[in-house]
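One structure is given below, encoded as structure tokens.
Chains as they are written, first to last, in this note's numbering: chain A, 1 to 286; chain B, 287 to 466.
Below, the structure written as structure tokens:
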């Protein structure tokens with residue numbers, strides 16, 4: 001049941017952490033139930049450890065972790081710890097910060113990022129269906145989008161391509177209907193489809209009837225997991241939690257995809273330097 | 287999970303109280319305003335598009351509705367109506383705020399260790415809202431307010447617990463630094 005029982009009194013290589021300075025070091029220890037006094041090579045703190053517990057469930061009693069593969073003669077080489085997890089922690093804290101800022105001030109970021117995308121050369125397209133309150137399509141409704149003025153076709157559709165990205169104002173007016181002004185968000189690649197209802201009567205109708213799919217609060221929620229990932233990387237513990245947090249923080253969409261890209265980088269780094277997390281797969285806790 | 291010792295409760299209470307007051311005010315706001323005066327707030331999620339209506343509200347209700355106006359789409363069909371008034375946030379957002387307060391409130395009394403088991407909690411929180419949100423986004427189905435409430439509560443509670451865990455872990459990190 002416990003393979004190490006057959007190796008009583010054998011000397012095995014193990015890793016321990018000094019309870020005072022948290023320095024990790026490797027040492028040889030007889031594999032028995034006795035407690036052994038150890039001196040930390042860094043701070044010279046004396047403490048006792050036990051290679052094997054009487055009860056394997058009481059992991060906390062044994063601050064000793066067997067290093068390498070005990071059944072092989074050749075042990076794996078000790079990899080020196082790098083500062084990569086610290087870098088990941090900084091990256092994930094950036095994801096948290098920009099995710100939170102984006103969630104609160106996203107109107108400014110929508111405008112600026114769309115202006116930037118427009119400057120690169122991207123354009124968008126809009127398909128508007130104009131109906132009355134009974135859902136009947138309305139033809140020959142005047143539609144003004146920036147400098148462009150046109151009318152809806154016989155199916156009540158106004159379609160236009162190659163328009164500037166960002167928040168654009170649409171003005172609709174038809175005989176017997178109130179004039180309606182509506183803000184739309186024109187995005188690249190995807191064709192914006194929207195249905196606008198006109199109210200019967202004269203004069204001005206309701207302004208702004210923008211239809212948006214989500215709330216920015218959820219972006220802030222996803223950002224919090226970036227901060228949790230930062231903590232696990234700083235503590236260099238619980239690699240699985242760090243991986244999960246970096247994956248979730250991809251969906252924080254801070255500064256519109258910058259946060260997501262940073263999260264992906266953090267995820268790759270965590271996977272690459274996973275062995276540097278404590279309680280990883282490089283040893284067995286007795 | 288263990289009972290939290292009193293010495294570490296204070297810092298969690300400091301974080302819990304603003305969330306508690308915030309969600310309490312969200313539920314009080316529709317009662318505090320004249321019946322039927324707030325309806326059809328639906329609009330643009332990232333901008334303030336109900337300025338005129340909100341400006342006429344007394345403090346602090348105007349601040350709460352203004353916050354909802356900026357952070358939430360406030361679609362009337364996706365919001366709870368209390369006292370014939372639409373709530374400041376949509377049902378999912380309201381549930382998230384409520385969940386945050388519940389999660390933090392739970393952590394005032396209990397302590398959860400940050401370990402691999404927390405992944406299951408994350409999955410429980412994120413997966414339902416992910417499935418419901420994506421399904422609705424791509425038009426596979428239209429969610430209901432009850433489903434939005436449940437999924438929002440789950441992610442909110444997990445996030446509230448995560449915030450408390452972060453506070454605990456930061457305190458531990460500081461302790462280790464002081465010792466070394």
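Glycine included, C-beta positions come from ideal geometry on N, C-alpha and C.
Source: prediction; values computed, not measured.
Tell me which residues share the same chain as residue i and place their Cβ nearer than 7 Å to its Cβ, disregarding the 5 neighbours each side in the sequence.
i	result
residue 319(B)	343, 347, 371
residue 273(A)	82, 84, 85
residue 113(A)	256
residue 162(A)	123
residue 381(B)	434, 435, 438, 439, 442
residue 234(A)	89
Do residue i and residue j have their C-beta atoms within less than 8 Å of each other?
i	j	result
residue 95(A)	residue 243(A)	no
residue 434(B)	residue 356(B)	no
residue 222(A)	residue 249(A)	yes
residue 384(B)	residue 414(B)	no
residue 388(B)	residue 444(B)	no
residue 396(B)	residue 298(B)	no
residue 241(A)	residue 313(B)	no
residue 184(A)	residue 194(A)	yes
residue 393(B)	residue 322(B)	no
residue 146(A)	residue 127(A)	no
residue 431(B)	residue 377(B)	yes
residue 449(B)	residue 400(B)	no
residue 452(B)	residue 231(A)	yes
residue 258(A)	residue 98(A)	yes
Of the choices the options, whose alpha-carbon is the least far from that of residue i?
i	options	result
residue 277(A)	461(B), 438(B), 444(B), 402(B)	402(B)
residue 44(A)	116(A), 18(A), 167(A), 259(A)	18(A)
residue 199(A)	181(A), 188(A), 177(A)	177(A)
residue 271(A)	238(A), 116(A), 133(A), 37(A)	238(A)
residue 358(B)	386(B), 368(B), 327(B)	327(B)
residue 353(B)	321(B), 362(B), 373(B), 369(B)	373(B)
residue 361(B)	410(B), 324(B), 386(B), 341(B)	324(B)
residue 131(A)	145(A), 153(A), 22(A), 148(A)	153(A)
residue 187(A)	117(A), 197(A), 97(A)	117(A)
residue 46(A)	20(A), 134(A), 197(A)	20(A)
residue 306(B)	429(B), 417(B), 459(B), 386(B)	386(B)
Residues in its own chain within less than 6 Å of residue i by CB, not counting five upstream and five downstream?
i	result
residue 143(A)	150, 158, 172
residue 72(A)	With a pLDDT of 44 at residue 72(A), under the threshold of 50, the modelled position of this residue cannot be trusted; read the value that follows with caution. Result list for residue 72(A): empty, nothing under 6 Å.
residue 421(B)	427
residue 60(A)	Any reading at residue 60(A) must be qualified, since the residue scores a pLDDT of 49, below 50, and its modelled position is unreliable; no value is offered.
residue 25(A)	41
residue 167(A)	183, 185
residue 368(B)	316
Just to confirm my understanding: we take residue i, look at its own chain, exclude 5 residues before and 5 after, and list those with CB closer than 8 Å. What are they?
i	result
residue 179(A)	171, 172, 173, 203, 204, 205
residue 121(A)	none
residue 410(B)	440, 444
residue 36(A)	29, 30, 48, 49, 50, 51
residue 456(B)	none
residue 196(A)	128, 129, 130, 131, 170, 172, 180, 182, 209
In this structure, does DSSP put residue i in helix, strand or coil?
i	result
residue 285(A)	At residue 285(A) the pLDDT is 43, less than 50, meaning the model places this residue with poor confidence; the figure from the coordinates comes in the next sentence. Looking at residue 285(A) - three-state DSSP - the assignment turns out to be strand.
residue 363(B)	helix
residue 189(A)	coil
residue 352(B)	helix
residue 394(B)	helix
residue 16(A)	strand
residue 256(B)	Any question about residue 256(B) goes unanswered here, given that chain B covers just 287 to 466.
residue 438(B)	helix
residue 241(A)	helix
residue 290(B)	coil
residue 202(A)	coil
residue 455(B)	helix
residue 38(A)	strand
residue 70(A)	Legend: pLDDT at residue 70(A) = 47, less than 50; position of this residue unreliable, value from coordinates given subsequently. Note: residue 70(A) maps to coil in three-state DSSP.
residue 374(B)	coil
residue 134(A)	coil
Output yes if chain D places a C-beta closer than 8 Å to the C-beta of residue i; else output no.
i	result
residue 46(A)	The chain labelled as chain D is not found among the protein chains of the depicted structure, namely A and B.
Count the C-beta pairs between the segment 212-226 of chain A and the segment 95-104 of chain A that are closer than 8 Å, then say yes if the count reaches three, no if not.
yes
Any chance the segment 294-308 of chain B sits against the segment 134-143 of chain A, with 3 or more Cβ pairs inside 8 Å?
no
Does the structure place the segment 222-238 of chain A close enough to the segment 83-95 of chain A that three or more beta carbon pairs sit under 8 Å?
yes
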